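So the sequence lines, in the order shown, correspond to chains R and S.
Residue numbering for the first sequence follows numbering that gives the first Met the number 0, beginning at 0 and increasing consecutively.
Residue numbering for the second sequence follows numbering that gives the first Met the number 0, beginning at 0 and increasing consecutively.
Note sheet for the following structure.
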Amino acid sequence: MKYTQSSCRIVEKRALAQDVFSFTLSCPEIAAIAQPGQFVHILPKGFGLRRPISIAGIDAENGTLRLVFAVRGKGTDALAGLNTGDFMDIIAPLGHGFTLKEDAEHVVLVGGGIGVPPMLPLAKYYGERATAISGFRSFPQVILQEDLEALGAQTICCTEDGTAGAVKGFVTAPLEQLLSEGVDAVYACGPMPMLKAVAALCMRTGTYCEVSLEERMACGVGACLGCACRTKDENGEERFLHVCKNGPVFKAEEVQW
Amino acid sequence: MADLSVNICGVDFKNPIIPASGVFGYGREYEEFYPLSKLGGIATKGTTGQRRTGNIAPRIAETPAGMLNSVGLQNPGIDYFIANELPNLLTKDTVILANIAGSTPDECAEVAAKLDATDVHMIELNISCPNVKQGGAAFGTSCAMAEQVTAAVRKATRKPLVVKLSPNVTSITDIAKSVEAAGADAVSLINTLLGMRIDIKTRRPILHNNVGGLSGPAIFPVAVRMVWQVANAVSIPIIGMGGVTTGEDAIELMEAGASAVQVGMACFTDPYAPVKIIDEMNAFLDAQNIASVRDIVGTVQPW
Chain R
0 MKYTQSSCRI VEKRALAQDV FSFTLSCPEI AAIAQPGQFV HILPKGFGLR
50 RPISIAGIDA ENGTLRLVFA VRGKGTDALA GLNTGDFMDI IAPLGHGFTL
100 KEDAEHVVLV GGGIGVPPML PLAKYYGERA TAISGFRSFP QVILQEDLEA
150 LGAQTICCTE DGTAGAVKGF VTAPLEQLLS EGVDAVYACG PMPMLKAVAA
200 LCMRTGTYCE VSLEERMACG VGACLGCACR TKDENGEERF LHVCKNGPVF
250 KAEEVQW
Chain S
0 MADLSVNICG VDFKNPIIPA SGVFGYGREY EEFYPLSKLG GIATKGTTGQ
50 RRTGNIAPRI AETPAGMLNS VGLQNPGIDY FIANELPNLL TKDTVILANI
100 AGSTPDECAE VAAKLDATDV HMIELNISCP NVKQGGAAFG TSCAMAEQVT
150 AAVRKATRKP LVVKLSPNVT SITDIAKSVE AAGADAVSLI NTLLGMRIDI
200 KTRRPILHNN VGGLSGPAIF PVAVRMVWQV ANAVSIPIIG MGGVTTGEDA
250 IELMEAGASA VQVGMACFTD PYAPVKIIDE MNAFLDAQNI ASVRDIVGTV
300 QPW
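Structure (structure tokens):
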């Protein structure tokens with residue numbers, strides 16, 4: 000019995016930005032085994048399909064998981080309406096997470112918008128060995144920079160309009176700079192165009208790169224084959240893998256960009 | 000404790016609940032939640048002669064009280080299934096219905112012939128997949144084609160043959176009669192209803208395939224109606240499905256004429272849905288003092 004379905008109590012709720020919420024759930028059994036990059040599948044009450052949400056914090060000691068998500072539609076809106084003391088129906092931990100490299104001296108965590116939250120468990124693992132580059136459209140969307148710093152990561156915040164952070168523009172410029180100095184691994188989560196650009200830069204420099212993908216999902220466990228991702232195998236042959244079970248984390252070179 | 004066992008085409012089921020084809024893969028994922036032996040049976044992912052990669056994502060869209068899917072029969076092919084999945088499934092103490100599909104009657108017959116040489120309990124022939132260009136629904140929407148493909152598969156196997164019908168037809172009873180005449184031992188219905196959603200800002204269909212199959216509670220009343228109509232039109236057993244979410248839904252479909260019930264989308268909402276449905280059916284029958292679930296099949300009293 001690998002998966003747990005349970006009703007977990009919300010022990011903390013915070014608004015991080017407009018339409019972006021942080022929830023901390025009490026779920027000791029799941030927190031004990033969850034890995035960076037995995038996700039939880041949450042059922043908003045009254046809906047037929049669950050919502051996959053990446054894990055933004057794993058605290059095995061206190062038995063809690065942290066989830067940070069943006070309101071995207073009616074389902075996430077219903078979830079965002081829950082409060083401390085309410086319960087969330089979740090299946091977790093799901094999916095295949097990030098590969099942790101014990102010997103890495105310097106890794107770069109690239110998060111775009113609501114792709115920043117899954118970088119937190121990596122920042123916790125790598126501490127001062129991590130540089131977190133986060134990209135946002137504008138100042139009101141900026142989230143989690145203090146959290147990343149508190150975990151020891153160096154942060155580079157980018158906004159497209161320059162209203163916040165040290166960099167005006169995309170995450171790729173500071174990433175290119177870091178890659179030229181030598182990096183052991185790059186981990187990325189965010190919009191597809193960003194991931195594509197990050198993967199291309201890493202491939203050019205021969206840097207190990209993993210990306211966390213998103214897709215519309217039904218079962219969440221690999222049975223329904225709904226969340227297909229176009230990949231190529233070792234022989235270059237195309238095949239569809241599935242974000243829920245084979246991913247959400249894939250090696251960048253596996254993905255058909 | 001009511002007697003939940005049923006018998007369809009000579010095959011004993013410990014209870015009438017079967018996860019539907021396409022939602023349950025080959026059982027491995029849901030076995031991480033509960034032992035598969037709790038289930039009456041399992042309808043396996045639709046399997047074709049050769050491996051199929053399926054459609055480009057997005058393949059899933061949520062809809063009011065339901066969902067659309069356009070997976071497109073992604074599967075590893077019948078040889079892989081027989082070598083790597085079927086032996087494992089046959090150890091699970093539950094009835095295995097191998098769901099098969101193909102682009103031509105010959106391909107369907109070939110797949111069935113390969114299964115005939117195995118210990119699989121039943122074959123469910125899908126003539127109603129809305130998500131593939133050839134075969135699939137095309138077989139299920141014309142009486143002549145439905146009859147032809149059923150007859151071809153009938154010739155290829157002596158296994159109990161269930162033919163899964165499409166609701167996207169003018170008269171499902173005519174199709175049911177055609178496959179009965181061609182040698183089907185049972186029919187299962189309904190497959191998904193063809194549907195579509197559009198992202199109104201990008202003006203793109205949500206599904207990359209543009210259209211897909213609608214399932215879930217939204218289609219349950221259609222399933223009840225069609226099961227009832229088919230029950231009045233054929234003399235072979237019916238496996239009912241379409242939006243069943245609770246034990247009460249399963250009872251309703253059986254009163255309409257189904258001898259067993261498949262559960263689809265409800266597995267996504269709650270992976271334990273099939274097991275809960277079995278418990279709820281038992282509770283209902285006990286509360287009504289009904290000794291056996293077999294006593295309710297087709298007992299609807301129409302006005």
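Don't be surprised by glycine CBs; every beta carbon is placed ideally from N, CA and C.
All of these numbers come straight from a predicted model, not from anything done at the bench.
Asked: Simplified DSSP assignment, three categories, for S:Ala-137; Found: helix
Asked: Euclidean distance between Cα positions of R:His-40 and S:Ser-234; Found: 43 Å
Asked: Distance, R:Pro-117 Cα to S:Asn-303 Cα; Found: Given a span of 0 to 302 for chain S in the structure shown, any question on residue 303 of chain S remains unanswerable.
Asked: Short CB-CB distance (under 7 Å) between R:Ser-78 and chain S; Found: Contrary to the premise, residue 78 of chain R reads as Leu rather than Ser in this sequence. Closer than 7 Å: no.
Asked: Alpha-carbon to alpha-carbon, S:Pro-75 and S:Asp-269; Found: 26 Å
Asked: Own chain, CB closer than 6 Å to R:Arg-8, minus 5 neighbours either side, in chain order; Found: Ser-25 and Phe-86
Asked: Within chain S, partners of R:Met-216 - CB distance below 7 Å; Found: Ile-59
Asked: Minimum Cβ-Cβ distance from R:Gly-235 to chain S less than 7 Å; Found: no
Asked: Candidates S:Pro-86, S:Leu-89, S:Lys-91 and S:Phe-138: closest to S:Val-168 by CA position; Found: S:Phe-138
Asked: Under the three-state DSSP convention, the category S:Leu-38 falls into; Found: coil
Asked: Assigned secondary structure, S:Asn-281 (DSSP; H/G/I helix, E/B strand, else coil); Found: helix
Asked: Contacts around S:Val-243, its chain only, beta-carbon distance under 8 Å, and the 5 residues preceding and following it disregarded; Found: Phe-219, Ala-222, Ala-249, Leu-252, Val-260, Gln-261, Val-262, Gly-263, Ala-265 and Ile-276
Asked: Assumed close pair R:Leu-48, S:Glu-61 - CB separation to whole angstroms, cut-off 8 Å; Found: 5 Å
Asked: Distance between S:Pro-57 and S:Lys-163 (C-alpha atoms, nearest Å); Found: 25 Å
Asked: When R:Arg-229, R:Cys-228, R:His-241 and R:Val-115 are compared against R:Ala-187, the one with the closest alpha-carbon; Found: R:Val-115
Asked: Inter-stretch contact at 8 Å, needing at least 3 Cβ pairs: the region 25–44 of chain S / the region 248–255 of chain R; Found: no
Asked: is_contact[R:Cys-223, chain S] using C-beta, thresh 7 Å; Found: yes
Asked: Candidates S:Thr-298, S:Met-195 and S:Leu-35: closest to S:Val-226 by CA position; Found: S:Thr-298
Asked: Cut-off 7 Å between Cβ atoms - residues of its own chain near R:Ala-79, not counting five sequence neighbours on either side; Found: Phe-20 and Val-70
Asked: 8 Å Cβ cut-off: residues of chain R touching S:Thr-52; Found: Glu-237, Arg-238 and Phe-239
Asked: Test item: CB-CB of S:Val-152 and S:Leu-124 under 7 Å; Found: yes
Asked: Interface flag, R:Ala-69 vs chain S, CB-CB below 7 Å; Found: no
Asked: Chain R contact residues for S:Pro-270, given Cβ-Cβ distances below 8 Å; Found: Tyr-2, Gln-4, Ile-90, Cys-218 and Val-220
Asked: Against chain R: residues of the region 64–80 of chain S by CB proximity under 8 Å; Found: Ala-64, Gly-65, Met-66, Asn-68, Val-70 and Gln-73
Asked: Cα-Cα separation between S:Ser-291 and S:Ala-185, rounded to whole angstroms; Found: 21 Å
Asked: S:Ser-187 Cβ short of 6 Å to the ligand NAP heavy atom set; Found: Ligands displayed in this structure: none; no statement on the ligand NAP is therefore possible.
Asked: CA nearest to the CA of R:Leu-224, picked from S:Gly-194, S:Val-70 and S:Asn-87; Found: S:Val-70
Asked: Coarse secondary structure for S:Arg-202, derived from DSSP in three states; Found: coil
Asked: Neighbourhood of R:Met-202 by C-beta distance below 8 Å, restricted to the same chain and skipping five residues each side; Found: Cys-208, Ala-251 and Glu-252
Asked: Proximal residues of chain S, C-beta to C-beta of R:Leu-42 below 9 Å; Found: Thr-268 and Asp-269
Asked: Meets three-Cβ-pair contact criterion under 8 Å: the region 211–219 of chain R and the region 135–145 of chain R; Found: no
Asked: Identity of the residue in S:Phe-283, S:Pro-236 and S:Arg-202 nearest S:Lys-176 by Cα; Found: S:Pro-236
Asked: Reduced DSSP category for S:Ala-97 - H, G, I as helix; E, B as strand; rest coil; Found: strand
Asked: The beta strand (DSSP E) enclosing R:Pro-92, as first and last residue numbers; Found: 86–93
Asked: 7 Å CB neighbourhood of S:Ala-181 in its chain, flanking five on each side removed; Found: Glu-146, Thr-149, Ala-150 and Arg-153
Asked: Exposed unless 16 or more other CB atoms sit within 10 angstroms - verdict on S:Asp-198; Found: exposed
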